[in-house]
Amino acid sequence: MRKKTTTKNTVKANRNWRGSHDHNACVVDALSTASSLCDKRRVRLTALRRRVLELIWSSHKPIGAYALLDILKSEHSSAQPPTVYRALDFLKEQGLVHRIESLNAFIGCTEPYHSHSGMFFICDHCGDAVEMEGAGIDAAMQNTAEARGFQIQTRTIEASGLCPGCQMA
Ligand SMILES: [Zn+2]
Ligand SMILES: [Zn+2]
Ligand SMILES: [Zn+2]
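Quick note: the sequence shown uses this note's numbering, first residue 11, plus one each step.
Quick look at the structure:
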């Protein structure tokens, strides 16, 4: 008997496409996960870092540093590029956000407790991105690299296409 049968089939809302879930719950969940994770690691989720994370989580669409800066400037006239970059560096280090290379933009991580590199499905039409379940892909890549005697340093795994909503549109 497997013990985890009940949680196994539960897909968290924030792993899903827009329209398929209550996104407000997603944001609340992401922010509370972030604050308990930071407490546990004894690092400070300052008001600014929290606000940047909240802005990133405001949708499932990756957002760039300058778009974040524009919003922050309207809230704090003193906000400057380094303000945003420092907050983003912190959020990346803590695994709370990922940078999507092909878009040079950021998205909230759905599993910040487990250290991993983000892998994404990105919708070409609406721009939403969803994290792939990674373990199998990670292991396959690692095994293939070992078989070729290759040492992986960075990986970018991003697939573009159409999300369920845009396939119907
Ligand atoms: Zn959501
Ligand atoms: Zn992630
Ligand atoms: Zn879409």
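Where a beta carbon is used, it is the ideal one built from N, C-alpha and C, also for glycine.
- What whole-angstrom Cβ distance do L63 and L113 have, given they're in contact under 8 Å? Against the sequence shown, residue 63 aligns to sequence position 53. Against the sequence shown, residue 113 aligns to sequence position 103. Going by Cβ atoms, the distance from L63 to L113 rounds to 18 Å, so no, they are not a contact pair.
- Counted within 10 angstroms of its Cβ, other Cβ atoms place I73 as buried (16 or more) or exposed: Reading the sequence shown from its first residue, position 63 is the one you call residue 73. With 16 or more other Cβ atoms within 10 Å, it is buried.
- Message: Is H135 close to ligand 3? I mean its beta-carbon at under 6 Å from any heavy atom of the ligand.
- Response: In the sequence shown, residue 135 corresponds to position 125, counting from 1. Flag set: Cβ of H135 near ligand 3.
- Message: Can you tell me where the alpha helix (DSSP H) holding C136 begins and where it ends?
- Response: Your numbering for residue 136 matches position 126 in the sequence shown. Neither: C136 is in no alpha helix (DSSP H) and is coded neither H nor E.
- Message: Ignoring anything shorter than 4 residues, give me the alpha helix (DSSP H) runs that lie fully in the segment 40-86, in order along the chain.
- Response: 57-66, 75-85
- Query: Nearest-angstrom Cα distance between V2 and H108?
  - Reply: Since the first residue of the chain shown is 11 and the last is 179, residue 2 is not available in this structure.
- Message: Can you tell me whether R59 is buried or exposed? The criterion is at least 16 other CB atoms within 10 Å of its CB, across all chains shown.
- Response: Residue mapping note: residue 59 aligns to position 49 of the sequence shown, counting from 1. Counting Cβ neighbours within 10 Å, R59 comes out buried, since at least 16 surround it.
- Drop a sphere of 10 angstroms on the beta-carbon of C122, count the other beta-carbons inside from all chains shown, and report buried for 16 or more, exposed for fewer. Position 112 of the sequence shown, counting from 1, holds the residue named residue 122. A quick correction: the sequence has Pro, not Cys, at residue 122. Within 10 angstroms of the beta-carbon of P122 lie 16 or more other beta-carbons, which makes it buried.
- Cβ-heavy atom distance between H108 and ligand 4 below 6 Å? This structure simply doesn't include ligand 4; it includes ligand 1, ligand 2 and ligand 3 instead.
- Please state if the CB of K71 and the CB of G2 are separated by a distance shorter than 7 Å. For the chain, the structure presents residues 11 to 179; residue 2 sits outside this window and is missing.
- Message: Our contact map puts F130 next to E168 with C-beta atoms below 8 Å; I'd like the distance itself, whole angstroms only.
- Response: Counting from 1 along the sequence shown, the entry for residue 130 is found at position 120. Counting from 1 along the sequence shown, the entry for residue 168 is found at position 158. Right, the Cβ-Cβ distance comes to about 5 Å (below 8 Å), so this counts as a contact.
- Message: For N19 and N34, what's the separation of their Cα atoms in angstroms?
- Response: On the sequence shown, position 9 is the one that residue 19 refers to. On the sequence shown, position 24 is the one that residue 34 refers to. Only weak support exists for where N19 lies, its pLDDT of 42 falling under 50; the value from the coordinates is given anyway. Their Cα atoms are separated by approximately 22 Å.
- Message: Is any non-hydrogen atom of ligand 2 found closer than 6 Å to the C-beta of C119, if you look at the structure I gave you?
- Response: Residue 119 sits at position 109 when you count from the first residue of the sequence shown. Result yes, Cβ under 6 Å from ligand 2.
- Inter-residue spacing [alpha-carbon to alpha-carbon] between T56 and R96: Within the sequence shown, the letter at position 46 stands for residue 56. Within the sequence shown, the letter at position 86 stands for residue 96. Looking at the two C-alpha atoms, the distance is approximately 12 Å.
- Message: So, at 8 Å on beta carbons, what are the nonlocal neighbours of A155 in its own chain, with the 5 sequence-adjacent residues on each side left out?
- Response: Within the sequence shown, the letter at position 145 stands for residue 155. Within the same chain, A155 has close Cβ partners Q161, I162.
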